[in-house]
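Numbered continuously in the numbering used here, the sequence shown closes out at residue 446.
By construction, the Cβ of each residue, glycine as well, lies at the ideal position given by its N, Cα and C atoms.
All values reported here derive from a predicted model rather than from experimental measurement.
Everything below concerns the one structure shown next.
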Amino acid sequence: MNLELLKDLVKEHSSQDNAEKLDFIKHLERIEIRLRSELVKISHKNFGQWYIDKKTDTFSATSNISYLLPCKNFQEYLETFNAETKEKIISQLSKLEHLEQIGFQRDIKIGEENYLIQEKITYLKDLDIYIGALKDLTKIDRINKNIHNIDMTIYNMMKIFDKNIILIQCDKDGKINYVSSAFCETSNFSDCSVIGKNITEFKASSRSQKILDIFQTSLKSEKTVKSELKFKKKNGNYFWVKAFISPILGEDESNISFTLVCHDITSHKLLEDITNHDALTGVYNRRYYTEIINKEINRCKRDKKILSFAMIDIDFFKQYNDCYGHRNGDEVLKKVAASLNNHLKRGGDYLFRMGGEEFCAVFSGYDDQKSLELCHKMREEVENLKIPHIGSKVSPFITVSIGLVVADLSNEVIDELGLYTTSDNALYSAKMSGRNKIHVHPHDSDIDFFEE
């Protein structure tokens, strides 16, 4: 029933005296105020409440917001606004009709603290009461500002990373879906010319492990894997990186990607290259032999592989220098080294210049027969260079002698000194038997010599 109608009926038909009627009407009015307030509260869920009774010029607020509005009357409430906003609010409040509402956000300063609040004001015109709903947004605002600051920090860090760190992201098959600006600057490729292509198209190193195999190693261990990788540049040059390769697992097993965080180590590699390579021939030097040989032996033992070790010597090289001079002798060394190295292109294949005219070839994965065949090709190709040598007693051209050891490290116990000594003895035997020959260490009775 409408409360106004109920009050009119009480006034017209009640047998009570006027004082009692007035008390009852006031009681109904209080009930009306409570009901209307509850309706406003429902519409202002999660807000604190305040009330201004214009008739009595009183202000009251719920305890959860009293610290924001320590007011006693309407005028004190208006003083919580700055001068400009105050005039606007007075104007807006004066135009409100019954149950109309206005809403706004504003700042309040209480002592030294600044607060951001959201307010909604509803006017009960027939009772001349303003009911306000207020929410303190200060914490939310601070959180939002902190989130914004964090977002900006992350954004700025990503800009720094993008510009200064070589980043590559690939799917599980190696298809590139992101590269950083640093990658583009280093490689001279634009991102649009790289994205969508396979990372193997840009990898250049023949000696480093296949990158897709590294991906699988990283995925199986679910750990970051470190590797040194050699990439092509657009102009045909190369650059080296130390890559930290991490798997990123999606919601299902098919959604897998890999992130490569890379550090450019090209300068280090160039210095290493100078340190590890013979200045004259360009093949590995004896210093690098000393560094790498035990690692190769241990790798073959671990992987149960066969390791082949061949000592190679240019026949009658002293006589060549005497006949043609040391400058031509240097040219012979370069040509012979290049010819030998043409047959050692797999990962784990090495050619070292041990000193003077002596070289050492180290390679794995070939049995006795294949190792012998490879040495035969190397010996034959050197002679086919047809470099004249009038001082040779075995051929009119430059030739080489080879001493070969083939060790199955899965069941043989032999160290670097054993390999070197045995191979050197085999080389001596090849020379003593006439040169331009290959002598295989006779641990296999079926294979002893190979010669033309």
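Closest in alpha carbon position to R347, among L327, T147 and Y109, is L327. By the neighbour-count definition (other C-beta atoms within 10 Å, threshold 16), I268 is an exposed residue. Of all alpha-carbon atoms in N336, M305 and N322, the one lying nearest the alpha-carbon of G412 is that of M305. Taking E216 as the centre and dropping the five residues before and after it, the same chain places the C-beta of P241 closer than 7 angstroms to its C-beta, in chain order. Contact check for K236 against K220 passes: the beta carbons are separated by less than 8 angstroms. By the 16-neighbour rule on beta-carbons within 10 angstroms, H383 is buried. The alpha-carbon of V330 is positioned some 18 angstroms away from that of K425.
In the DSSP assignment, N171 falls within the unbroken beta strand (DSSP E) covering I170 to V173. Taking the Cα positions, I162 is about 24 angstroms away from G341. For the 8 angstroms CB-CB criterion, G42 and N58 form a contact. The residues Y45, in chain order, have a CB closer than 6 angstroms to that of S54 in the same chain once the five nearest residues on each side in sequence are set aside. In the displayed model, E113 falls within a strand according to three-state DSSP. Per DSSP, H92 lies in no alpha helix (DSSP H) segment and is marked neither H nor E. With contacts defined by Cβ atoms closer than 8 angstroms, S302 and S395 do not form a contacting pair. Collapsing the DSSP output to three states places Y61 in coil.
Counting along the chain, I148 sits inside the alpha helix (DSSP H) bounded by residues T132 to N158. Rounded to the nearest angstrom, the gap between the Cα atoms of D165 and L206 is 10 angstroms. Classified as exposed, T50 has fewer than 16 neighbouring CB atoms from the shown chains inside 10 Å of its CB.
Within the DSSP secondary-structure output, D101 pairs in a beta bridge with L110.
In the structure shown, S261 falls within a helical segment according to DSSP collapsed to helix, strand and coil. Between the alpha carbons of V255 and I287 lies a gap of roughly 30 angstroms. A direct Cα-to-Cα measurement between Y414 and I381 gives close to 29 angstroms.
Between D309 and the set G350, N270 and G105, the nearest pair of CA atoms involves G350.
In the DSSP assignment, I287 falls within the unbroken alpha helix (DSSP H) covering R280 to D297. DSSP, reduced to helix, strand and coil, places T253 within a strand of the structure shown. Excluding the 5 residues flanking it on each side, D361 has same chain C-beta neighbours closer than 8 angstroms at I300 and V400, in chain order. Apart from the 5 residues on each side of it in sequence, S358 sits with its Cβ closer than 6 angstroms to the Cβ of C294, K299, L301 and G342 in its chain, given in chain order. Listed as beta-bridge partners of K329 by DSSP are no residues whatsoever. Remark: C-beta atoms of H433 and S427 approach each other more closely than 8 angstroms. Distance between E377 and T393, taken at the CA atoms: about 5 angstroms. Shown here, S389 sits in coil according to DSSP, grouped into three states, outside any helix or strand. The residue from Y109, S184, E94 and H92 with its alpha-carbon nearest to that of R100 is Y109. Secondary structure at H370: helix, using DSSP grouped into helix, strand and coil.
Secondary structure within the segment 173 to 214: the alpha helix (DSSP H) runs of 4 or more consecutive residues, fully enclosed, are 175 to 181 and 185 to 188 (chain order).
In this structure, Y282 sits near N270, with a CB-CB distance shorter than 8 angstroms. When DSSP states are grouped into helix, strand and coil, R340 belongs to the coil group.
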